[in-house]
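Numbering (this note's numbering), first residue to last: 4 to 508.
Ideal Cβ placement from N, Cα and C applies to all residues, glycine included.
Nothing here was measured: the structure is a model prediction, and the numbers come from that model.
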């Protein structure tokens with residue numbers, strides 16, 4: 004008697020064929036004699052399936068964590084390694100270094116000899132880096148000609164310097180690929196942990212910052228990261244790199260700020276762009292929008308904003324909220340885009356909405372810098388049935404004299420003007436004059452940045468049509484905007500009673 008035994012057994016024949024057997028054994032007493040009862044089952048087919056599944060799993064893991072060109076680990080694998088190494092660093096129990104490396108002139112090779120030659124250079128460079136690092140750390144290829152080297156436990160700056168020197172030296176040589184010879188150089192940036200950060204995002208960003216500093220200094224060199232690099236040109240270069248990835252990585256989003264009248268009727272929402280970067284956190288539009296314009300990203304970002312805003316307008320329509328419009332800010336650079344009008348028209352068609360549900364906000368700079376051309380394009384927008392708003396009135400230009408020459412139907416008073424209601428009552432009297440002039444031109448007036456009840460009261464006395472600001476509502480996510488509309492306090496027609504001033508008392 005005893006516990007039954009179950010085990011697997013690989014049985015090999017003399018002819019080298021093999022069978023996987025599942026064997027079940029149990030002691031038993033039969034006719035006063037001890038016996039062993041056994042059941043044997045051929046499980047070879049099951050084992051073959053398991054083996055194939057294991058091979059597929061291993062292969063999938065290899066593909067998920069390996070660079071197909073070089074066979075090196077990729078960014079995903081490096082992220083796993085970094086998190087494992089940085090966990091004790093956050094407790095000040097570990098230290099090391101990370102190198103961000105880029106081949107300086109691979110683009111020239113690709114353009115001159117083709118991408119096959121460029122791929123050959125990358126493969127050769129990867130073997131050089133691995134040899135230079137030896138057993139001091141791990142090497143991964145990120146993309147293109149970018150590599151990362153993680154040196155866990157290497158805390159001696161001189162040793163880090165020696166490894167960096169060696170890498171730059173071996174990469175700065177002549178390459179033979181496909182019968183062609185290329186002289187290459189490389190640049191690198193080094194960030195130390197925990198000194199320069201204790202998260203993977205921090206270390207990667209700071210190593211990239213040092214890399215760009217090296218490239219700006221003449222290439223074929225490397226530098227340690229320092230905080231001064233985040234200022235000026237170096238910091239802008241690094242931010243540009245991450246901004247280029249932001250749209251593809253889903254880091255950009257829209258928030259919708261309601262525009263309300265004093266009698267509680269809601270006009271619609273202004274779509275406001277936000278960037279939540281894993282490297283910088285929340286980045287102010289004041290910082291990244293000018294950068295997007297400068298580096299040529301504003302068109303693609305602007306197209307995305309228009310598409311998303313039209314999609315939101317369609318949701319408003321489907322929910323039965325009638326007569327609302329969504330305002331979208333458009334920069335001068337976007338208006339300069341030859342395909343701008345067709346892209347706006349396409350976004351509206353895709354969403355299946357009326358053009359009247361959309362409003363395009365332009366700044367005074369569009370008018371001042373190119374009056375004739377701006378007027379033509381604005382006429383085109385107006386002819387499509389899209390609303391036009393002049394944004395940021397009072398923020399640095401004086402375009403009031405041009406208003407009657409433009410097809411603008413909404414005038415937006417900038418927050419800086421609204422703030423005068425509290426800080427300079429004499430200048431604040433200008434607001435009433437501006438509103439009266441706009442009404443004489445059949446324009447609707449929206450005051451931005453309303454944060455205090457005194458401002459709201461003054462704007463009410465001046466017969467301002469609509470207001471928006473933190474006193475009434477912060478910019479809302481799409482879901483919160485829908486919830487805002489469904490509350491009794493928010494969505495009312497102009498014939499219904501209710502008053503914002505009374506609600507805030």
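Residue state for residue 245 is assigned as helix, using DSSP reduced to three classes.
For the pair residue 195 and residue 136, the Cα-to-Cα distance works out to about 16 Å.
DSSP places residue 361 within a strand segment (E or B) once states are collapsed to three.
Under DSSP, residue 226 forms a beta bridge with 192. The three-state secondary structure of residue 16, taken from DSSP, is coil. Taking a C-beta distance under 9 Å as the contact criterion, residue 190 and residue 144 do not qualify as a contact pair. In this structure, residue 487 lies near residue 261, with their beta-carbon atoms less than 9 Å apart.
Remark: C-beta atoms of residue 459 and residue 411 do not approach each other more closely than 9 Å. The three-state secondary structure of residue 425, taken from DSSP, is helix. With a beta-carbon spacing of about 6 Å, residue 294 and residue 243 fall inside the 8 Å limit used to define contacts. With contacts defined as CB atoms closer than 9 Å, residue 43 and residue 25 qualify as a contacting pair. Nearest C-alpha to residue 161 among 393, 99, 443 and 454: 99. A straight line joining the alpha-carbon of residue 231 with that of residue 364 spans about 37 Å. Taking 8 Å as the upper bound for CB-CB distance, residue 124 and residue 106 are in contact here, some 7 Å apart. Segment contact: the segment 307-324 against the segment 262-274, three or more CB-CB distances shorter than 8 Å; contact assigned. Between residue 362 and residue 426, the beta carbon gap of about 30 Å keeps them out of contact (Cβ cut-off 8 Å). With a threshold of 16 other beta carbon atoms within 10 Å, residue 269 meets it and is buried. Rounded to the nearest angstrom, the Cβ distance from residue 102 to residue 216 is 14 Å, too far for a contact under 8 Å. Considered as a whole, the segment 435-493 harbours 456-464 and 481-489 as its complete alpha helix (DSSP H) runs of no fewer than 4 residues, in chain order.
DSSP places residue 112 in the helix class (H, G or I) of the three-state scheme. Checking the DSSP bridge columns, you'll see residue 413 partnered with 392 and 447. With contacts defined by Cβ atoms closer than 9 Å, residue 281 and residue 254 form a contacting pair. For the pair residue 359 and residue 388, the CB atoms are nearer than the 9 Å cut-off.
For residue 317, the uninterrupted alpha helix (DSSP H) run begins and ends at 301-321, by DSSP. According to the DSSP assignment, residue 150 belongs to the beta strand (DSSP E) that extends over 149-155. Residue pairing of residue 262 in beta bridges, as defined by DSSP: 271.
Note on residue 469: 16 or more other CB atoms within 10 angstroms of its CB, so buried under the neighbour-count rule. Per DSSP, the beta bridge partners of residue 106 are 189. Under DSSP, residue 279 shares a beta bridge with 285. The C-beta separation of residue 316 from residue 356 comes to about 5 Å, placing the pair in contact by the 8 Å criterion.
Counting C-beta atoms within 10 angstroms of its own C-beta, residue 285 has fewer than 16 neighbours from the protein chains shown and is therefore classed as exposed. Cβ contact annotation for residue 431 (same chain, cutoff 6 Å, sequence separation greater than five): 423 and 424, in chain order.
Take the alpha-carbon of residue 205 and the one of residue 198: they are about 11 Å apart.
Each residue's CA atom was taken as its position, placing residue 454 and residue 446 some 24 Å apart. When DSSP states are grouped into helix, strand and coil, residue 328 belongs to the strand group.
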